[in-house]
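Here's the structure we're looking at; comments come further down.
2 protein chains.
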Amino acid sequence: MAEELLTVGDVAGRSGFATSAIRYYEREGLVGATRTAGGQRRFDRSVLRRLAFIRAGRNVGLTLDELRSALDSLPDSRTPTKADWQRLSRQWRTRLDDEIAALVTLRDGLDSCIGCGCLSLQHCRIQNPGDVAAYIGSGAVYLPDRLTDQRREDPAK
Amino acid sequence: MAEELLTVGDVAGRSGFATSAIRYYEREGLVGATRTAGGQRRFDRSVLRRLAFIRAGRNVGLTLDELRSALDSLPDSRTPTKADWQRLSRQWRTRLDDEIAALVTLRDGLDSCIGCGCLSLQHCRIQNPGDVAAYIGSGAVYLPDRLTDQRREDPAK
DNA sequence: GTAGAAGTTGAAGCCCCCTTTAAGTCAAGA
DNA sequence: TCTTGACTTAAAGGGGGCTTCAACTTCTAC
Chain A
-19 MAEELLTVGD VAGRSGFATS AIRYYEREGL VGATRTAGGQ RRFDRSVLRR
31 LAFIRAGRNV GLTLDELRSA LDSLPDSRTP TKADWQRLSR QWRTRLDDEI
81 AALVTLRDGL DSCIGCGCLS LQHCRIQNPG DVAAYIGSGA VYLPDRLTDQ
131 RREDPAK
Chain B
-19 MAEELLTVGD VAGRSGFATS AIRYYEREGL VGATRTAGGQ RRFDRSVLRR
31 LAFIRAGRNV GLTLDELRSA LDSLPDSRTP TKADWQRLSR QWRTRLDDEI
81 AALVTLRDGL DSCIGCGCLS LQHCRIQNPG DVAAYIGSGA VYLPDRLTDQ
131 RREDPAK
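So the sequences go chain by chain: A and B.
Using the working numbering, you'd call the opening residue of the first sequence number -19 and step up by one each time.
Using the working numbering, you'd call the opening residue of the second sequence number -19 and step up by one each time.
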């Protein structure tokens, strides 16, 4: 018997993403799908791993663009191995380290602000955390709201 | 002679905010302004301190709603003192501590993920950082892009 | 064969925080 | 007085990441 394929609904149920999100990811080229004769999407199980990667990456603060690039770097010719996934997620560690360092710098600056109460536009470190910005670099960096929004949408509703 | 009042352009030059942002903040009730007979805004110098507070707060990740609430808690009857500003910004310290703790938890989870390469939807800690979400609470929490976007817009352009 | 659940599309909407644009009005120096 | 730069407004736009809607079509269990 052939491999069983999954519908969007199946994928939604197993991944925790809404069907609309999964369709959006397909449109955006983050996941692939075949079609039935009638035009409905059918997904290989391997999409679940990609979606797991996407969810984890979003939690770390990566944009869909970055995730697409990362996923595009996976080999076409063979099923990605554990080592492939490790290679991609290892970079996140650095990213988180940088974000943490940025926040610590900001907090330390804030401490001195609280002490002086100045909020000076010229001097206050919380006003001008240039070193923080430089540390972080130019990419979009943020602690994702997703983190505060962990309740997965109910697929039964 | 009476106190000199500032135009939006003056305020923009001194605060580093764009004039459009300052007008927006006035519409949203974060800062006040009087009007000339001709309908132009005139700002008291005290607006600069409020804007400094707003910029710092945005850097820490507060929304304009939260900043409005904070600013509304300042006494109407007298000029806010250093102690008033300190009271408000002291809360940010806790907030940053929480954000840092959340990121550290996430990073530690990621370490184990890199180790196992699983990205399991059921088990992976980076997939389900429920403890992190619980720690942070329900408010919107994020490391603002603003931090990565520190170059102030040129008021002369 | 058919009901009804689940799938399809494109377009529009949302949220937050502003920026941009268009079409004009005001203020201040020469 | 006149010129010119700065100001005014309402309305629309943008970006990221989806969600929602309307109006169908397809699939599957009975």
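Positions of the beta carbon are idealized from the N, C-alpha and C atoms, including for glycine.
- Looking at the backbone, the Cα of T43 (chain B) and that of R7 (chain A) are separated by about 32 angstroms.
- Taking CB atoms only, L(-14) (chain A) has no neighbour in chain B less than 7 angstroms away.
- Counting along the chain, T(-1) (chain B) sits inside the alpha helix (DSSP H) bounded by residues -1 to 7.
- Contact annotation: S(-5) (chain B) and L31 (chain B) have beta-carbon atoms nearer than 7 angstroms.
- Using a CB distance cut-off of 7 angstroms, E79 (chain A) counts as an interface residue toward chain B.
- Closest by C-alpha distance to R21 (chain A), out of A:A81, A:I80, A:G(-11), is A:G(-11).
- Counting along the chain, G(-11) (chain A) sits inside the alpha helix (DSSP H) bounded by residues -12 to -5.
- The stretch 79 to 94 of chain B makes contact with the stretch 76 to 88 of chain A, as at least three CB pairs between them are under 8 angstroms.
- For F33 (chain B), the enclosing alpha helix (DSSP H) covers residues 26 to 40.
- Following the DSSP letters along the chain, one finds L51 (chain B) inside the alpha helix (DSSP H) bounded by residues 44 to 52.
- Nearest neighbour of R29 (chain B) by Cα position, chosen from B:W72, B:L54, B:G41, turns out to be B:L54.
- Judged by their CB atoms, I34 (chain B) and L83 (chain A) are not nearer to each other than the 7 angstroms cut-off.
- In the DSSP assignment, the residues bridged to R22 (chain A) are A:T14.
- At a cut-off of 7 angstroms, the C-beta of R21 (chain A) has no neighbouring C-beta in chain B.
- Residues of chain A with a Cβ closer than 8 angstroms to the Cβ of R87 (chain B) are, in chain order, R73, L76, D77, I80.
- A straight-line Cα-Cα distance of about 24 angstroms links R58 (chain B) and R3 (chain B).
- For L83 (chain B), the nearest beta carbon of chain A is closer than 7 angstroms to its own beta carbon.
- Its chain contains E6, R21, F23 as the residues whose beta carbon lies nearer than 6 angstroms to that of A13 (chain B), once the 5 sequence neighbours on both sides are disregarded; these appear in chain order.
- In its chain, beyond the 5 residues on either side, L54, P55 have a beta carbon closer than 8 angstroms to the beta carbon of D64 (chain A).
- A distance below 6 angstroms between beta-carbons, with the five flanking residues on each side excluded, links A50 (chain B) to the following residues of its chain, in chain order: L68.
- R38 (chain B) places its beta carbon 7 angstroms or farther from that of G9 (chain B).
- Here L83 (chain A) carries a helix assignment [DSSP, helix/strand/coil].
- If you draw a 10 Å sphere on the C-beta of A17 (chain A), you find fewer than 16 other C-beta atoms in it, and that means exposed.
- Each of B:F(-3), B:V27, B:A(-2), B:A(-8) was checked against the Cα of V11 (chain B), and the nearest Cα belongs to B:V27.
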